[in-house]
Amino acid sequence: MDSCIFCKIVNKEIPAHVIYENDEYLAFLDIRPVSPGHALVIPKKHHRWVWDVQPIGPYFEIAQKIALAIKKAFGVECVIGKMVGEEVPHAHIWVYSSPEEAKGDKNAFEENAQKIISAL
Numbered sequence: 007m008d009s010c011i012f013c014k015i016v017n018k019e020i021p022a023h024v025i026y027e028n029d030e031y032l033a034f035l036d037i038r039p040v041s042p043g044h045a046l047v048i049p050k051k052h053h054r055w056v057w058d059v060q061p062i063g064p065y066f067e068i069a070q071k072i073a074l075a076i077k078k079a080f081g082v083e084c085v086i087g088k089m090v091g092e093e094v095p096h097a098h099i100w101v102y103s104s105p106e107e108a109k110g111d112k113n114a115f116e117e118n119a120q121k122i123i124s125a126l
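Here it is in structure tokens:
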């Protein structure tokens, strides 16, 4: 999709704070974070909705991996996952620490990315 912002991130046309990447999936920090380390997990191939991704198991395994890294990196118990897709028409899962538990600057992107990468 030429106009999809997430496809442009996958293709390195738009910069992002990437925290995880393999052949099929990409995880990067949200530019409008709810809490420190708020990440988006997306398939590299364009799919409109999370439910369109097949097989879906590996997608959720990556989301789990990111959630556990956020938990470790920020010392929180509660990590929230949301499957959304209304703002950007590309399948994505939000993964972020509970705003009530989170400590740190949610806008310290480079620092937060490094914390998650180190926890992976």
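Going by the working numbering, the first residue of the sequence shown is number 7, and it counts up by one from there.
The beta carbon of each residue, even a glycine, is placed where N, CA and C say it ideally should be.
Which same chain residues end up closer than 7 Å to S9 when comparing Cβ atoms and leaving out the 5 residues on each side of it in sequence? For the purposes of this step, residue 9 is taken as the residue at position 3 of the sequence shown. Result list for S9: empty, nothing under 7 Å.
Counting pairs of beta carbons, one from the stretch 111-125 and one from the stretch 43-55, are three or more of them closer than 8 Å? yes
Assigned exposure category for V90 - 16 Cβ within 10 Å defines buried: Working through the sequence shown from its first residue, we reach residue 90 at position 84. Flag for V90 reads exposed.
Measuring alpha carbon to alpha carbon, tell me which residue in A97, S104, F80 and W55 is nearest L32. The count along the sequence shown starts at 1 and reaches residue 32 at position 26. Ranking the options by Cα distance to L32, first place goes to A97.
Quick one: what does DSSP say I68 is sitting in, helix, strand or coil? Position 62 of the sequence shown, counted from the start, is the residue given in the question as residue 68. Note: I68 maps to helix in three-state DSSP.
Is P21 buried or exposed, if buried means 16 or more other CB atoms sit within 10 Å of its CB? Taking the sequence shown and counting its residues from 1, one reaches residue 21 at position 15. So P21 ends up on the exposed side.
Option nearest I48 by Cα separation, candidates K77, I37, K78 and I15: Translated into positions along the sequence shown, residue 48 becomes position 42. The residue with the shortest Cα to Cα distance from I48 is I15.
Rounded distance between the beta-carbons of A125 and K78, thought under 8 Å: In the sequence shown, residue 78 corresponds to position 72, counting from 1. In the sequence shown, residue 125 corresponds to position 119, counting from 1. Indeed they touch by this definition, with Cβ atoms about 4 Å apart.
Give the DSSP-derived three-state secondary structure of G110 in the structure shown. Counting from 1 along the sequence shown, the entry for residue 110 is found at position 104. In this structure, G110 counts as coil in the three-state DSSP scheme.
For I76, count neighbouring Cβ atoms within 10 angstroms of its own Cβ and tell me buried if that reaches 16, exposed if not. Mapped onto the sequence shown, residue 76 falls at position 70. Looking at its Cβ environment, which holds 16 or more other Cβ atoms inside 10 Å, I76 is buried.
If you follow the alpha helix (DSSP H) that K14 is part of, which residue opens it and which one closes it? Here residue 14 refers to the residue found at position 8 when the sequence shown is read from its first residue. Its alpha helix (DSSP H) spans residues I11 to V16.
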